[in-house]
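So the mapping is simple: the numbering used here equals the position in the sequence shown, first residue as 1, plus 6.
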Amino acid sequence: MLSLPESRLLIDGDWVPTATGETLPVEDPATCETFALIAAAGPDEVDRAVRAAEAAADPWARTSPAERGAVLRRWAAAIAEHSEELAATEARDVGKPLGDARRNIWIAHDMLVYFAGMADKVTGATLPSRLEESFGFTLAEPHGVCALITAWNVPALLMMAEAAPALAAGNTLVVKPSECAPLVVLALARLGTESGLPPGVLNVVTGLGPAAGQPLVSHPGVRHVSFVGSTATGRAIVRGAAERLVPVKLELGGKSPNVVFPDADLDSALPAIAASIVENAGQNCNAGSRLLVHRSVADEVTERLATIFADVKIGHWDDDLDMGPVANAAQRAKVEGHIAGAREAGARIVTGGSRPEGERFAAGHFVQPTLIDRVDPSMAVVREEVFGPVLTVQRFDDTPEAVNLVNDTGFGLQVGVWTRDLSRALRVVREVRSGQVSVNEASNVGVIGLPFNVTKDSGFNAGGGYTAMREYTSEKAVSIRI
Ligand code: NAD
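Right under this line is the structure:
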């Protein structure tokens, strides 16, 4: 693994301890063993980081866009060179199979390359004039110091999706990664500074949400806040940002359905639907946690999915099988609480529902992939984000009922539509309230630069992809009397 100075924060290009020396343990979720310590930052360290980012902001914004792009490309090359170590770091931290982490590191790398190429393509507009002697245009300018607070499930990718466009657009950044999986973010930041990011341009403060995240949101030097995490914390972030009227970008939870019509190609649909809830042990914001299936094929689909679930191979990160544990004890308790609640309310656990047996699973936070049929739309397991490998099955009779079921949730992140009928697919695409829709896939896997949009309780101002440079700049309107 990439070596990191233990219990240090990255501030102004230096690895520094906290004033109190307080630390937090980082645990392998498969064994519950502490394998690293991180610094527990508080308001003082956050203040130092924001001041460093403020001091670096003007010089970085004035650095030629081509040079900014070149630094980011060097950073991407360093990530490619160290991709195996980064993947191992993320895999152990989160508990996910090494192969999954490897894929995530390469997506993070590709994002960085994509946005490095955008650094010198930030443009404004020239507008028509009513008068011969007036002339108008817009300038896209960086916000200044941006704050980024992230979740633990795909830490490298979540960091890069924001850090790459923010830095390419000429902003400086203070990142507060999740205390649950911070190491790969620190490792990426180490490679960034070694690749030529000037001191203060990228700072990382580790620590708990209320102690390190909250002071970051309320710091007067921060001009933009990006948050990836739960809906509950998202509301607290918005309240904090409202006090200072800074723009906020929120990417929150989901309760994403896969909708299976009778004409769907089940051979391709079912493995993808299973993978969308098994991957990362269901701990993805866009995990396909609800299956909505036409009554005529519901029994067949449920049976076949049960077989796929029962075949899922569970292991530690370095076993590199299909699925690892969930992230921590609280997360497992939440998942098990949902399964128990559904069982008590009369739902049928088709497969899974308990912890896997065996010595290898005794100490970690493992849960079996669980398929739950005969659920009621009012049950918590259908309404709330479980963030675990749990899939519920609901039946429908026609397209309007399917659309109603899709929309019967507070969340609005992702919908997968499975049908060979293009007209029906487009009707569903138009009628569902969701930031993203995929047809004959569970989520976007191939389209480069497609925004990661969200709506309703899943957040707002998200996007990224080809729209990201707009989010990380503010537009200045200029008019000139000639
Ligand atoms: P969380 O909300 O508990 O924590 C997210 C981050 O916020 C962490 O860094 C945490 O330390 C920090 N935080 C906590 N309280 C804070 C406060 N009061 N002020 C400032 N910061 C605070 O979320 P989590 O459990 O780490 O992640 C899981 C959630 O993230 C799920 O709901 C998942 O759907 C969501 N998520 C969303 C996306 C997306 O793109 N929409 C991607 C990944 C994860």
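A virtual CB, placed ideally from N, CA and C, is assigned to each residue, including glycine.
Owing to the predicted nature of the structure, the values given are computational and were not obtained by experimental measurement.
Which residue or residues does DSSP assign as beta-bridge partners of residue i?
i	result
Pro148	Thr479
Glu518	With the chain running from 7 to 488 in the structure shown, residue 518 is simply not present.
Pro263	Arg296
Asp379	Arg354
Leu179	Cys152 and Leu208
Lys102	Lys102 pairs with nothing; no bridge assigned.
Gly240	The partner list for Gly240 (beta bridge, DSSP) is empty, contrary to what the question assumes.
His230	Cys152
Ser444	Gly422
Ser89	DSSP output for Ser89 lists no bridge partner at all.
Ser485	Gly142
Met385	In DSSP, Met385 forms no bridge with anything.
Trp21	Leu16
Val396	Thr376
Ile320	Met329
Thr132	Phe143
Ala369	Answer is none; Ala369 lacks a bridge partner.
Figure out for me which residue from the options has the closest Cα to the Cα of residue i.
i	options	result
His149	Glu477, Phe402 and Ile486	Glu477
Leu145	Ile155, Glu12 and Ala175	Ala175
Ser236	Gly48, Val409 and Glu390	Glu390
Lys102	Ala333, Ile345 and Asn446	Ala333
Glu147	Asn177, Met166 and Phe121	Asn177
Lys255	Ala172, Trp158 and Val373	Ala172
Thr212	Phe458, Ala238, Gly206 and Ser184	Ser184
Val373	Pro31, Val356, Glu139 and Gly330	Gly330
Leu78	Asn110, Val207, Val52 and Pro65	Val207
Val421	Gly75, Gly260, Thr156 and Thr308	Gly260
Arg516	Asn290, Val341 and Leu222	No statement about residue 516 is possible, as the shown extent of the chain runs from 7 to 488 and does not include it.
Ala287	Gly321, Leu179, Ala248 and Thr415	Gly321
Leu214	Thr479, Thr29, Gln400 and Gly240	Thr29
Gly471	Ala84, Met117, Leu377 and Thr24	Met117
Pro362	Gly347, Ile378 and Glu342	Glu342
Ala423	Asp271, Gly416 and Gln337	The residue asked about is misnamed: residue 423 is Val in this sequence, not Ala. Of Asp271, Gly416 and Gln337, the residue nearest in Cα terms is Asp271.
Pro226	Met7, Trp81 and Val52	Val52
Asn159	Pro65, Gly455, Asp328 and Gly394	Gly394
Asp427	Val234, Ala25 and Asp269	Asp269
Asn413	Gln400, Glu437, Leu432 and Thr425	Glu437
Val247	Arg229, Val234, Ile488 and Ala238	Checking the sequence shown, residue 247 turns out to be Ala, not Val. Out of Arg229, Val234, Ile488 and Ala238, Arg229 has the C-alpha closest to the C-alpha of Ala247.
Rounded to the nearest angstrom, how far is the Cβ of residue i from that of residue j, given a contact under 8 Å?
i	j	result
Leu411	Ser295	Not quite, the Cβ-Cβ distance comes to about 13 Å (not below 8 Å), so this is no contact.
Ala242	Ala448	So it is not a contact: roughly 31 Å between Cβ atoms.
Leu104	Asp326	4 Å
Phe121	Ala474	7 Å
Ala107	Ala97	4 Å
Asn441	Val453	The question names Asn, yet the displayed sequence has Gly at residue 441. So it is not a contact: roughly 14 Å between Cβ atoms.
Leu92	Ala193	6 Å
His371	Arg338	4 Å
Glu285	Phe458	At roughly 16 Å, the Cβ-Cβ gap does not stay under 8 Å, so Glu285 and Phe458 are not in contact.
Val181	Leu154	5 Å
Ala408	Phe417	So it is not a contact: roughly 17 Å between Cβ atoms.
Relative to the ligand ATP, is the shortest distance from any of its heavy atoms to the C-beta of residue i smaller than 7 Å?
i	result
Lys182	No copy of the ligand ATP occurs in the structure displayed; its ligands are the ligand NAD alone.
Do the segment 307–325 and the segment 124–135 meet, that is, are 3 or more Cβ pairs less than 8 Å apart?
no
Pair every Cβ in the segment 194–205 with every Cβ in the segment 16–23, then say whether three or more of these pairs are closer than 8 Å.
yes
Do the segment 218–226 and the segment 37–51 make contact, defined as three or more Cβ pairs closer than 8 Å?
yes
I want to know whether the segment 56–72 touches the segment 164–171 - three or more CB-CB distances under 8 Å.
no
Stretch-stretch touch, CB-based, cutoff 8 Å, three pairs: the segment 378–387 with the segment 349–358:
yes
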